[in-house]
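Each residue of the sequence shown is one higher than the one before, counting from 176 in the working numbering.
Virtual Cβ for every residue (Gly too), placed ideally from N, Cα, C.
One structure is given below, encoded as structure tokens.
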Amino acid sequence: MIRRREVLTLLGGAAAAWPVAARAQQSAMPVIGFLRNTIAPPFANLVVEVRKGLSEEGFIEGRNVIIEQRWADNQPERLPELAADLVRRKAAVIVGNTPAVQAAKAATQTIPIIFVTGEDPVTTGFVTSLNRPSGNLTGIVFFASGHLGAKRMELLCELVPKAGIIAVLMDPMFANELPAVEGAGRALGRQIVVVKAACELELDAAFPQMVRAGAGALLVGGGSFFSSQRRWLVALAARHAIPAIYDARDHVEAGGLMSYATSTSDAYRHAGLYAGRILKGAKTAELPVMQPTTFELVINRKTATELGLTIPQTLLVAADEIIE
């Protein structure tokens, strides 16, 4: 017969063992490192997209994979230590945007790294070939303003034909976008005023500068800083009554006028897919850099009305989505 005290002892021993077993099971799970230079709140959806991609490959967070998130909170100097921390954590794969991947690449030559970037990964030195990536990197290119800047300029001029002066708001880190944007503007007979901003104070000062220059419209360049400040960007454009085109639909959903871009969310879902395939044994060299095949034009009709703009029928027909 088992006495009550023995039962309690057995139960107590089992209870004590459960956390140990749970920790052992968790430590056996592969770790996906998610690294960005930005703050977390505006980009929580990107982690959700990575989870979706992983789940399509059979990996569910908490069940058979762990996602370790590291955010630099718009302090790029923190990225090297955050990347080193993921290396110490023995991450099986690291997923990140351009600045994050630069730090991860410096931290490890062995852990597979998946970049999600709007820049040319050959030019940045991430890979030597899109079809056969070398080293431990591969990823997804969604093309930021440098590649689509000329098209955005055309769309902006079509929507705001009377704007003789167009401001281009640029993050200095993405100065390589300028030639295509300025060239397209000049070809359309517009005067281009370039305003640079890399922090909140510079962003606040940028709009009065545009107004003083007589800008009748605005093209917002790419970059994670502008993405993290999208609600404030949209508010500033509204306050100064400047029609603007952006490089991501998130800005339009936040009240911005118009965007022409590929889907960043879909790019991160594919990053999750690639991470899952690597966990199954695929090598980075076997996973070619993915490039977008479709682009979407999104227009906010309410914002256009508030700005006193009439959306041309050609844009209404071309738009993939009209937000009312």
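Please list, in chain order, all residues of the same chain as N306 whose beta carbon is under 8 Å from its beta carbon, the five residues on each side excluded.
Residue 306 sits at position 131 when you count from the first residue of the sequence shown. Once the five neighbours on either side are set aside, the close Cβ partners of N306 are P463, V464.
Between the CA atoms of P251 and I486 - distance to the nearest angstrom:
As a working mapping, residue 486 is identified with position 311 in the sequence shown. As a working mapping, residue 251 is identified with position 76 in the sequence shown. In a straight line, the C-alpha of I486 is about 40 Å away from that of P251.
Closer than 6 Å by C-beta to R444: which residues in its own chain qualify, once you throw out the five before and the five after it? Chain order, please.
Reading the sequence shown from its first residue, position 269 is the one you call residue 444. Hits under 6 Å: E224, K227, G228.
Taking A342 as the reference, which of P383, I498, I214, T299 has the closest Cα?
For the purposes of this step, residue 342 is taken as residue 167 along the sequence shown, with counting starting at 1. Among P383, I498, I214, T299, the Cα nearest to that of A342 belongs to P383.
Specify the secondary structure class of Q366 as computed by DSSP and reduced to three states.
Looking up residue 366 in the sequence shown gives position 191. Here Q366 sits in strand by DSSP.
Starting from the C-beta of P194, find all residues in its chain whose C-beta is less than 7 Å away, skip the five residues before and the five after it, and write them out in chain order.
Counting from 1 along the sequence shown, the entry for residue 194 is found at position 19. For P194, the pLDDT reaches just 48, beneath the cut-off of 50, and the residue's location in the model is therefore unreliable, although a value from the coordinates is still provided. Nothing meets the Cβ criterion.
At 4 residues or longer, what runs of the alpha helix (DSSP H) sit wholly inside the region 378 to 466?
399 to 403, 405 to 414, 424 to 428, 439 to 454
Close-in-space but distant-in-sequence residues of the same chain around A215 (CB under 6 Å, 5 per side omitted)
Residue numbering aside, residue 215 sits at position 40 when the sequence shown is read from its first letter. Contacts found: W246.
Please classify V386 as buried or exposed, where buried requires at least 16 neighbouring CB atoms within 10 angstroms.
By 1-based counting over the sequence shown, the position of residue 386 is 211. Exposed is the call here.
Roughly how many angstroms lie between the CA atoms of L312 and T459, to the nearest whole one?
Counting from one through the sequence shown, the residue named residue 312 turns up at place 137. Counting from one through the sequence shown, the residue named residue 459 turns up at place 284. Their Cα atoms are separated by approximately 6 Å.
Which residue wins for smallest C-alpha separation from Q244, given the options E496, V262, T292?
Mapped onto the sequence shown, residue 244 falls at position 69. Minimum Cα distance to Q244 is reached at V262.
Decide if K280 is buried, meaning its Cβ has at least 16 other Cβ atoms within 10 Å, or exposed.
Here residue 280 is taken as the residue at index 105 of the sequence shown, counted from 1. Classification for K280: buried.
Report buried or exposed for C332, applying the criterion of at least 16 other Cβ atoms within 10 angstroms of its Cβ.
Translated into positions along the sequence shown, residue 332 becomes position 157. Per the 10 Å Cβ criterion, buried.
L221 to T437, Cα distance in whole Å?
Taking the first residue of the sequence shown as position 1, residue 221 is located at position 46. Taking the first residue of the sequence shown as position 1, residue 437 is located at position 262. The straight-line gap from Cα to Cα measures roughly 14 Å.
Considering V254, what are the terminal residues of the alpha helix (DSSP H) in which it resides?
What you label residue 254 is simply residue 79 of the sequence shown in a count that begins at 1. Strictly speaking, residue 254 in this sequence is Leu, with Val absent from that position. Residues 254 to 263.
Are the beta-carbon atoms of G398 and M348 separated by less than 8 Å?
Numbered from its first residue, the sequence shown carries residue 398 at position 223. Numbered from its first residue, the sequence shown carries residue 348 at position 173. Cβ atoms of G398 and M348: closer than 8 Å.
What's the call for V492, buried or exposed, on a 16-neighbour Cβ count within 10 Å?
Looking up residue 492 in the sequence shown gives position 317. By the neighbour-count rule (16 or more Cβ atoms within 10 Å), V492 is not buried but exposed.
Terminal residues of the beta strand (DSSP E) in which G314 lies:
Counting from one through the sequence shown, the residue named residue 314 turns up at place 139. Unbroken beta strand (DSSP E) run through G314: 312 to 316.
Simplified DSSP assignment, three categories, for A189
Residue numbering aside, residue 189 sits at position 14 when the sequence shown is read from its first letter. Low per-residue confidence applies at A189: pLDDT is 42, beneath 50, and the placement is therefore not dependable enough to give any value.
Exposure label - R361; buried when at least 16 CB within 10 Å:
The residue given as residue 361 occupies position 186 in the sequence shown. By the neighbour-count rule (16 or more Cβ atoms within 10 Å), R361 is not buried but exposed.
Can you tell me where the alpha helix (DSSP H) with G208 in it begins and where it stops?
For the purposes of this step, residue 208 is taken as the residue at position 33 of the sequence shown. Unbroken run through G208 is the beta strand (DSSP E), 206 to 211; no alpha helix (DSSP H).
Does the beta-carbon of R387, which I'm using as the reference point, lie nearer than 7 Å to any heavy atom of the ligand NAD?
Ligands are entirely absent from the displayed structure, and the ligand NAD is therefore not among its contents.
Endpoints, the beta strand (DSSP E) within which N239 is located
In the sequence shown, the residue the question calls residue 239 occupies position 64. Run containing N239: none; DSSP gives neither H nor E here.
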